[in-house]
Every structure is written in C-alpha cells, then in structure tokens.
Amino acid sequence: MNLQTNRILLRPWRESDAETLFKYASDTEVGPRAGWPPHKSVEESMNIIRTVFSVDTMWAVEWKETGEAIGCVGYLPASASNLKIADDQCEVGYWIARPYWGKGICTEALQLVVDYCFHEKGFSVLWGDYFPENPASGRVMEKCGFVDTGEEVLCPNLEVGADRPVKVMKLEKK
Ligand SMILES: CC(C)(COP(=O)(O)OP(=O)(O)OC[C@H]1O[C@@H](n2cnc3c(N)ncnc32)[C@H](O)[C@@H]1OP(=O)(O)O)[C@@H](O)C(=O)NCCC(=O)NCCS
Numbered sequence: 016m017n018l019q020t021n022r023i024l025l026r027p028w029r030e031s032d033a034e035t036l037f038k039y040a041s042d043t044e045v046g047p048r049a050g051w052p053p054h055k056s057v058e059e060s061m062n063i064i065r066t067v068f069s070v071d072t073m074w075a076v077e078w079k080e081t082g083e084a085i086g087c088v089g090y091l092p093a094s095a096s097n098l099k100i101a102d103d104q105c106e107v108g109y110w111i112a113r114p115y116w117g118k119g120i121c122t123e124a125l126q127l128v129v130d131y132c133f134h135e136k137g138f139s140v141l142w143g144d145y146f147p148e149n150p151a152s153g154r155v156m157e158k159c160g161f162v163d164t165g166e167e168v169l170c171p172n173l174e175v176g177a178d179r180p181v182k183v184m185k186l187e188k189k
C-alpha cells in the first residue's frame with residue numbers, strides 16, 4: 016500500500032532504483048549509523064532491492080519533485096525484530112540520503128508508517144532503537160511521539176555495531 020504527503024510518496028522499491036540506491040547507500044555516514052555497511056556496488060544495491068526490500072513492510076521514500084528514491088522506511092514484525100517484543104508489536108527503521116537531511120523528511124515518513132502500523136495493521140506498541148552517538152535518529156522518533164524507555168540493549172544481528180548498545184524507544188497506541 017502506498018502512503019503519501021504533499022512532498023513524499025512511500026512506495027515499493029523497484030529494480031530501476033538500484034543506481035540511486037547505490038548513490039545514497041554507499042555513503043559511509045548512512046548505513047553504519049543504522050547497523051549496516053555502505054553498499055559497494057550497484058549490483059549489491061540491486062540484490063538488496065530484490066531481497067531485503069522486496070517485502071511489504073518496507074517502502075522507498077520517493078521525493079515527488081524528482082521521482083527519486085531518497086530513503087527507506089519500514090517496520091520489522093516481532094519475528095524479525097532486533098528486540099524481544101510481542102507478536103502484536105513491531106520495530107520501525109529508516110534512513111534518508113544525506114543531501115536531504117534536516118528537512119523533516121524522515122519525521123514525515125515515519126509518521127506515515129506509525130499511522131499505518133496502528134490503524135491498518137492493528138499493532139498495539141511500536142519500538143525503535145538507535146545508537147546514542149546518533150541523536151538525530153532519537154529525535155525523529157521523539158517527534159513522532161516515541162518515549163525513551165531508558166533501556167539500552169545489544170542487537171547481535173546487526174552487521175555494524177553489534178557490540179555497541181542501542182537506546183530503546185517505545186510508542187503505545189493511544
Ligand atoms: C537520522 C536520519 C534518519 C534523520 O533524517 P532527517 O530527514 O534529517 O530527520 P528530520 O529532519 O525529520 O529530523 C531530524 C531531527 O534531528 C535533529 N538533529 C540533527 N542532528 C542532531 C544532533 N546531532 N543532535 C540532536 N538532534 C539532531 C534535527 O534538528 C531534527 O530535529 P528538529 O526538527 O527538532 O530540529 C538521517 O540523518 C539518517 O538517515 N541518518 C543515517 C541513518 C540512520 O541514522 N538511520 C536511523 C538508524 S536508528
């Protein structure tokens with residue numbers, strides 16, 4: 016299901032996004048902050064589109080003005096979550112291409128996913144986590160209503176940062 020605001024469209028990733036994905040996801044300031052290594056080739060980006068991104072819980076963030084995929088937002092069901100959570104809960108995740116940082120785009124995208132998770136999917140609680148040295152990510156969640164649980168946990172499944180604790184944030188359905 017596509018979701019949108021005036022300036023962004025959340026839609027499935029397409030194979031034709033591979034070069035754009037590589038352009039933005041090869042940035043060393045993006046993936047490692049979210050627990051994954053920078054992409055090394057267009058082929059790798061294509062492979063990610065065909066595997067990791069080919070699920071209906073993950074959207075490309077399309078900048079409507081250009082039609083370019085400038086980020087990714089989605090949620091992990093309990094079975095795939097980094098956190099130990101109940102079946103009617105999920106974990107959100109996101110990244111935005113560096114040239115587009117600081118324009119409120121991630122907050123806008125996450126808010127669409129939050130509304131979708133509560134009202135379309137019926138989740139009762141949403142979770143999120145971020146490295147303490149990446150406060151912008153915590154701020155995005157805070158702006159969408161998440162609260163700091165005070166908990167810090169390790170995420171052993173992360174490709175980057177499995178040895179560093181993340182801060183855990185939580186949003187309960189009103
Ligand atoms: C984190 C990220 C998704 C934010 O995207 P964005 O579109 O720039 O986010 P927004 O503009 O909606 O909001 C960012 C907020 O963080 C704040 N912020 C930015 N840098 C900050 C810092 N160093 N310390 C505290 N807050 C910071 C901004 O001021 C803004 O808050 P404000 O609106 O109250 O001023 C983006 O930087 C990114 O993709 N980073 C790399 C990948 C990543 O970290 N993913 C999340 C993994 S948990």
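Residue numbers (my numbering): 16 to 189.
Positions of the beta carbon are idealized from the N, C-alpha and C atoms, including for glycine.
Keep in mind that this is a model prediction, so the values were computed, not measured.
Limits of the alpha helix (DSSP H) - the one that residue i falls within
i             : result
cysteine 170  : Here cysteine 170 belongs to no alpha helix (DSSP H), and DSSP marks it neither H nor E.
alanine 101   : Taken as a continuous stretch (DSSP letters only), alanine 101 belongs to no alpha helix (DSSP H), as it is neither H nor E.
methionine 61 : 57 to 65
alanine 75    : From DSSP, alanine 75 is part of no alpha helix (DSSP H) but of the beta strand (DSSP E) over 73 to 78.
tyrosine 39   : 33 to 40
Residue range of the beta strand (DSSP E) that includes residue i
i              : result
isoleucine 111 : 104 to 111
glycine 46     : Counting along the chain, glycine 46 falls outside any beta strand (DSSP E), though it belongs to the alpha helix (DSSP H) covering 46 to 49.
lysine 185     : 181 to 187
valine 140     : 140 to 145
glutamate 123  : Segment 120 to 130 is the alpha helix (DSSP H) holding glutamate 123; no beta strand (DSSP E) there.
proline 150    : From DSSP, proline 150 is part of no beta strand (DSSP E) but of the alpha helix (DSSP H) over 150 to 158.
glutamate 83   : 83 to 92
arginine 26    : 23 to 26
Local Cβ density within 10 Å of residue i, reported as buried at 16 or more and exposed below that
i              : result
lysine 182     : buried
methionine 156 : buried
glycine 137    : exposed
glutamate 106  : buried
valine 162     : exposed
glutamate 123  : buried
glycine 165    : exposed
Reference residue i; option with closest CA among the options
i             : options                        : result
aspartate 32  : Ala75, Thr66, Trp51            : Ala75
glycine 82    : Ile23, Glu167, Ile64           : Ile23
alanine 84    : Val175, Tyr115, Asp71, Glu187  : Tyr115
asparagine 97 : Gly108, Val88, Val57           : Gly108
lysine 185    : Leu169, Arg179, Ser139, Asp178 : Ser139
aspartate 144 : Gly119, Glu135, Arg179         : Arg179
cysteine 132  : Glu148, Pro147, Gly117, Gln104 : Gln104
cysteine 121  : Ser41, Glu77, Ile100, His134   : Glu77
serine 41     : Ala112, Val128, Thr164, Glu187 : Ala112
leucine 91    : Phe146, Lys99, Val162, Thr72   : Thr72
arginine 26   : Tyr39, Gly119, Val128          : Val128
tryptophan 28 : Gly89, Cys159, Thr43, His54    : Gly89
proline 47    : Lys79, Gly176, Ala124, Lys188  : Gly176
glycine 86    : Lys158, Asn149, Lys38          : Lys38
Rounded distance between the beta-carbons of residue j and residue i, thought under 8 Å
i              : j             : result
leucine 36     : isoleucine 64 : 7 Å
tryptophan 110 : alanine 49    : 5 Å
tryptophan 51  : glutamate 187 : At roughly 28 Å, the Cβ-Cβ gap does not stay under 8 Å, so tryptophan 51 and glutamate 187 are not in contact.
valine 192     : glutamate 34  : This structure leaves residue 192 out entirely; the chain is present only between 16 and 189.
Below-8 Å beta-carbon distance, residue i vs any chain B residue
i             : result
glutamate 148 : The question asks about chain B, but that chain is absent: this structure has only one protein chain.
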